[in-house]
Structure formats: structure tokens, C-alpha cells
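If you count the sequence shown from 1, you need to add 293 to reach the working numbering.
Have a look at the structure below, then the notes.
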Amino acid sequence: MKFAYLTISTGNTPPNAPTLDSPADSDRFNPGASVTFTWTFSDPDVGDSQSAYQFQLDDDCDFSSPVIDTGKVSSSSTSTTQALPSTVGLYYWRVKTWDSQDAEGPYSSGRAVIVDRILVYSLTADDTRRDVGTTVTLTIHLHYEYDGADITSGSFTLNGLTLTHQTGGDWTATDSKDAVQAVTYDSVSGSVGNLNTVNMNGKNVTVIWDALKADGYSIDMISGEVYIHMVYAYDGADVAGGTVCFAGVTALTNGTGWAEFNSTNLPSDFDWGQTAYGVQDALYGITYKAQNQTLPVAKRGARLVESDVELASLTWDGSLLTVGFAESQSVYTLKVSGPRPVYVLNATYDLDSDYDGYLTLSHDGSRPIVIAWKSWGGLRVRGLTHGRLTSVTLVSQVLTVVVNGSAGSGTLYVDCTGWGAPQRTSGFDEAWYSSADSLFWGTYTLSSSRTLTLDWSIGTGGGEGGGTPPALDIRVQTLTLEATQGREERAELTVTWTGTTQVTVEAVTFGEYTEWFALADALPLTLTSTEPIKTGTLTIRVRPPATAQPGNYTIPVELRLSATGYATIRANTYIYLNVLPYERAPARGPIPNIIGYALGIGLTTALAVALWKRE
294 MKFAYLTIST GNTPPNAPTL DSPADSDRFN PGASVTFTWT FSDPDVGDSQ SAYQFQLDDD
354 CDFSSPVIDT GKVSSSSTST TQALPSTVGL YYWRVKTWDS QDAEGPYSSG RAVIVDRILV
414 YSLTADDTRR DVGTTVTLTI HLHYEYDGAD ITSGSFTLNG LTLTHQTGGD WTATDSKDAV
474 QAVTYDSVSG SVGNLNTVNM NGKNVTVIWD ALKADGYSID MISGEVYIHM VYAYDGADVA
534 GGTVCFAGVT ALTNGTGWAE FNSTNLPSDF DWGQTAYGVQ DALYGITYKA QNQTLPVAKR
594 GARLVESDVE LASLTWDGSL LTVGFAESQS VYTLKVSGPR PVYVLNATYD LDSDYDGYLT
654 LSHDGSRPIV IAWKSWGGLR VRGLTHGRLT SVTLVSQVLT VVVNGSAGSG TLYVDCTGWG
714 APQRTSGFDE AWYSSADSLF WGTYTLSSSR TLTLDWSIGT GGGEGGGTPP ALDIRVQTLT
774 LEATQGREER AELTVTWTGT TQVTVEAVTF GEYTEWFALA DALPLTLTST EPIKTGTLTI
834 RVRPPATAQP GNYTIPVELR LSATGYATIR ANTYIYLNVL PYERAPARGP IPNIIGYALG
894 IGLTTALAVA LWKRE
């Protein structure tokens, strides 16, 4: 029996389009990310396997211009790792395969993949300038850069602060600082899915933790005003429209940061060492205090008292201001505002005519200083040059002054306006009185203590001791005269006075050109008058030298006068002198006549000779 064999060839079928596995459709990846694309090989022929593949990535679903095209890659691997483009956008990928017989299959359908970033759409703070120690809430809105979809999941930080998702794409974080500083929030980190690249989109916010700083003050002793300057501690900028508190009252700062406290808003009394501080600014609501100012000033009886050493006590009884000090280790300065006082105890001082509205005293802090505003009319102890006053009293028209201090010599000055020269004095080495400015002054020698008195007790008296005392008022009238170069002239200085019948001119001093002047009257010269306003004269001689320049001269003159019962008085005046040039007069007398007669004969003779010669 014979058998016949029939061989049937079935042929090779190309593979099917592969099934795309990963990444999933529309997965998002960072720009330039390295991504592994996987698929499943499929072939109708059982047992057939993949021998090659081709991968394409395009930004268009028609794959007309692939961004990536591997071409045919001989490999049985069903994956390929590719670097995505760096440009954010929607891309498509596909794969086709070859089987073991090198039969080429069709492409798979395209699948979407997104190149994307985390985009910071906005970044804000609930308050960008705030008090030190307070908490700021920072809000950041995150979405996908490709399509703007809100990011609602993931894990993120802002400058290291944990962000918490709120709603939609809003995330928040909080922060607080306990010192003046500025913090700029400009860095978001984190991830959602495969994405961890963050586009800050230029967003940032700076938060300043700030405080108020009272950085300076000014005390105007003349006006009695106190000024406080306030700035922001962060940048030193002036605080305009802010509120400052001092001595329990408040004031607003002006455009340059100064707050003014004056008689309308300062209390009439407050103690030394009050603290000035910022209450709140008007722009940001800052209230935290970084620096205050302790002012070395107090107030009593509407008088400001500025002291560079702490005050231990300060009292005002209506006429006496008593200031005690907490230290006595150095030389200190005390300033007191108000009208010119009558006297000061326990300090060397000078209430001269240039008093500008406040008193400045230098002291060592070892004893209280007493400043007196007594109702003594124009009587005032102006000052002394050595030692200190420890007691001043006015009783029954007698002013008694006690001076203490180290050994030495000094001068006491007393304004006697409305009182005139004292009738008697005691305790002085020498004493004088100037009626021109109603000033008494006397020298004294001090070993440790000296009592000095000025007595106006003749008459009805004044001050605390009675009415106005009798006044010795001496005036010297100015003198205007003319004198020719080289020639002597005489003139009279007129002295007028009140308060006594006799005054004696003891000395006369010419302030300039002393060699031109002399007295015709011998000194001392007593002038006597019984009239209510008394008058006497003193004759002087003036002789400008022949070389004196013609013109006007003003000569100061001082007369020193005395009167029984009064201190030596100095009176001042001026001589207004017009020096005339010397002019030679025509010659007269017998000799000039003879000379003229001779000249006449000579001329006649000469004329006769001339005529004779002519003939």
C-alpha cells in the first residue's frame, strides 16, 4: 500500500497594532522629563514575537511632523525611554512593531501626553507691613501651566513653609517673626503626580515686620514746647500722621515725623523722666514699640525743668521752685523756662539783660537749687561771680543776701528798677550804682560765708517791706560843641538828679581822645540844689590838636558820683564834638601897615622910573 504526503504552507501574518500601556492617556510630565513608554506586542500568529519597533511623538495627532521618530529599532523590548520636549504642550505618541518574520504591523492609535509645569498664578499676603510678633497669612494659587486647571492635590512648601490646600487652587501658609525684618517669599517647591517643576511666573511678596521708634526729641525752653520724632524701625522713614504719647497725653506727627507738645496739650505738672513712645502709625497700623525716649524734663507751675541728672524732688509753692537731685558725682546743667526770676539759691548764675526766656545753671547736684519769682517790683538779684546765694530776704526795705562758697572775690549785681540807689550797704568791699540802667554792683571777699545788705529804709519802702523807696536818679545830659584845630573851647556838662540835695562828682573819665580834654573845675566837686529836679554843671576844656582831622567825633564820658547814704553812682553820657579846620585871618597891626606903606612907595617909585625911561 502506498501513501502520498501533501504539504500545505499557511504563510506569515503581520503583527497587529500594539496596545499602548503606559503612560496613561494625558499623563503630565515635566519639560524634558525622561519617560518610559510601554506597549504590548500582538500577533495573529501564535507564538510569534516582536523583532523591531518604531516610536513617534508629535504635537499633532496626524503625526505629520514628529518631534521624536526613532525609526525602525531592532529590539524585542516592548518599551522605550525618551526625553520629552522642553516646551509645555499637548503631544501624541504611537508605536508599530515587526514580528520575527520581519513583517511590519500597523501603528497603534495615538495617545496624549502632556508636557507641563506647576504655575504660581498669584501670591499674596494678608498684610505686607505689620507688627513684630504677629502672624502673616500667605495665599498662593497654583494651577497647571498647560491648561490652567487648578491643582488641588499634591504636597508643596513656600520658602520652606508647609502649604495647606484650601479650595480650588488656593493654598495657604503662615509665618511670624519676633524681630524687625523683611522676608521675601519667592520659592515654591513640591509635586503633584509626575510634576515637580514650578514656574514662579515672577510672583513674590515681601512682608515687613516693623515697629515704631521714637528716635529723638527736642525741648524748646523759650516756648515751653517738647517735640518727639518718630520713625519706622525697619527703614528709618518718618512716620507721618502717627500718634505719639508723652506725659500721659498724645499728639500727631507732622509730615516729617515730629509730634509737638505745647501749652495746649501738655499737663501743667509732670515728673522728670517721662517716657515718650509711639502709639500707632496711620498707614499700616503698626503699634509695636522698638524704641522709646525717656526725656530729661519735668514741669511745675507751667515751667519746664530740663536736667541732665535725675531729679529727686521738684516742688512749686507759687513763687519758689525747689529742685533736688539724685546724684552729685559730676557737673550738671539745669534749665528752667519762664519769666526772669528774682534770685537763685545754691548756684552761680547771671540774669543779665540778654535773658532769653529760660535760665541755664551749672551745678554739682550736691544741694537743692531754689529759683524765686517774688513780687518785688523791679528789684532783682541779677547774679554773682563767685560763690552761691544761700539766703535772700527782703524785710522792711532791707535786702539781705548770704553768700557761701570757697575763698575768693566776687561781684554781686542787683537790678534796682523802680527802687533807685540804696541808702546804705554793708558787707561790700566797694559798691557802685548806675542810674542809667538802675544797676547796683558791689565787690566782696569770701572766706566761707558773707552777708551783704542793701538798705532802702528811708521813706515808705517797697517790696515785701512796704511801698516804693526813695530813688536817687542821676543823669548827665549829652553835650554837643564845636572846637577849632589847635584852639581851646570851654563847655559845661549838665547833671540832673533827684532824691537828695547834694551830689559830689568824684571823678570824670573820657573814653577816647583823653589828651584833648581837661576839667576846669577841681574835683571833688559838690553840686547842690533844692529844686524837685536838681541841676548842676561841670566845666570842661577841650583843645583838639592842630593835627586833628576835621570832622565829627563821639566821646563816651563816665562820671563817678557819691551822695550821702548812697552807694557810689556811675553816670554815663556822650560828647558830640565837631572839629573845625583852622583858617588863617588877614594880617593886621602896625607892622603889616608899615610893610604895606613901603610896598606902596616902592610901586610908586617903580612907576615913576618906568615913565622916566619912557620919556
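Even glycine gets a Cβ: it sits at the ideal position worked out from N, Cα and C.
Just so it is clear, the structure is predicted and the values come from calculations on it, not from any experiment.
Please confirm whether Gly594 and Ala605 have their CB atoms less than 8 angstroms apart.
-> no
Would you say Ala666 and Val635 are within 8 angstroms of each other, going by their C-beta atoms?
-> Note that residue 666 corresponds to Trp in the displayed sequence, not to Ala. Their beta carbons are under 8 angstroms apart, which means Trp666 touches Val635 by this criterion.
Looking at C-beta atoms only, is the number of pairs between the stretch 535-545 and the stretch 373-389 that lie closer than 8 angstroms three or more?
-> no
Confirm, please, whether the CB-CB distance from Pro359 to Pro324 is below 8 angstroms.
-> no
In three-state DSSP terms, what is Trp734?
-> Trp734 falls in the strand class under three-state DSSP.
Helix, strand or coil at Thr543 [DSSP, three-state] = strand
Where do the ends of the beta strand (DSSP E) carrying Glu782 lie?
-> Glu782 to Thr791
Determine, using beta carbons only, whether Gln842 and Leu820 come nearer to each other than 8 angstroms.
-> no
Residues bridged to Ser469 [DSSP beta-bridge criterion] = In DSSP, Ser469 forms a bridge with Thr428.
Return yes when the Cβ of Val406 is within less than 8 angstroms of the Cβ of Thr380, no when it is not.
-> no
Could you pull out every residue in the same chain whose Cβ sits closer than 7 angstroms to the Cβ of Asn886, ignoring the five residues on either side in sequence?
-> In this prediction, Asn886 has a pLDDT of 46, which is less than 50 and means its spatial position is unreliable; what the coordinates show is noted afterwards. Within the same chain, no residue comes within 7 angstroms of Asn886 by CB-CB distance, once the 5 residues on both sides are set aside.
Supposed contact pair Asp341 and Ser402 - C-beta distance, whole angstroms, cut 8 angstroms | In this structure Ser402 does not touch Asp341 by the C-beta definition: roughly 22 angstroms separates them, more than the 8 angstroms allowed.
Arg675 and Gly631 closer than 8 angstroms at C-beta | Between Arg675 and Gly631, the C-beta spacing is not below 8 angstroms.
Same chain, Cβ closer than 6 angstroms to Asn305, neighbours up to 5 away in sequence not counted | Gln394 and Ala396
If you follow the beta strand (DSSP E) that Pro843 is part of, which residue opens it and which one closes it?
-> Unbroken run through Pro843: none, as it is neither H nor E.
Check whether the Cβ atoms of Ile862 and Trp734 sit closer than 8 angstroms, and answer yes or no.
-> no
Spatially closest choice to Gly858 from Gly571, Gly713, Thr536 and Gly671, by CA coordinates | Gly713
With distances taken Cα to Cα, identify the nearest neighbour of Phe348 among Asp336, Ser368 and Asp338.
-> Ser368
Integer Cβ distance of Tyr737 from Leu705, believed to fall under 8 angstroms = Confirmed, about 6 angstroms.
Is it buried or exposed for Thr374, if we count other Cβ within 10 angstroms and need 16 for buried?
-> exposed
What's the gap between the Cα of Leu613 and the Cα of Asp419?
-> 58 angstroms
Classification of Ser448 by the beta-carbon crowding that lies within 10 angstroms, buried from 16 upward | exposed
Which of the three DSSP states, helix, strand or coil, is assigned to Thr775?
-> With the sequence shown as reference, residue 775 is identified as Glu, and Thr is not the correct amino acid for it. Here Glu775 carries a strand assignment [DSSP, helix/strand/coil].
Out of Tyr570, Asn487, Leu873 and Gly671, state which residue places its alpha-carbon closest to the alpha-carbon of Gln244.
-> Absent from the model: residue 244. The displayed extent of the chain is 294 to 908, so no value can be given.
Taking Tyr867 as part of the beta strand (DSSP E), name the residues at either end of that continuous run.
-> Run containing Tyr867: Thr861 to Leu873, per the beta strand (DSSP E) assignment.
Any contact of the stretch 475-486 with the stretch 508-515, i.e. 3+ C-beta pairs under 8 angstroms?
-> no
Mind checking whether Val473 and Ala526 have CB atoms under 8 angstroms apart?
-> yes
Tell me whether the beta-carbon of Gly550 lies closer than 8 angstroms to the beta-carbon of Met523.
-> yes
By Cβ distance below 8 angstroms, which residues in the same chain neighbour Gln622 in space, the five residues on each side in sequence not counted?
-> Gly658
8 angstroms Cβ cutoff met for Thr580 and Asp424 | By the CB criterion at 8 angstroms, Thr580 and Asp424 fall inside the cutoff.
With C-beta atoms as the reference, is Leu672 less than 8 angstroms away from Gly703?
-> no
Within 8 angstroms, strictly: CB atoms of Gly698 and Leu739 = yes
Does the Cβ of Ile884 have 16 or more other Cβ atoms within 10 Å, making it buried, or fewer, making it exposed?
-> Any reading at Ile884 needs caution, since the residue's pLDDT is 42, under 50, leaving its predicted position unreliable; the model's value is listed next. Ile884 comes out exposed.
Exposure label - Leu313; buried when at least 16 CB within 10 Å | buried
If we count the other Cβ atoms within 10 Å of its Cβ and call it buried at 16 or more, is Thr430 buried or exposed?
-> exposed
Give the single residue among Glu808, Thr823, Val850 and Pro817 whose Cα lies nearest to the Cα of Ala839.
-> Glu808
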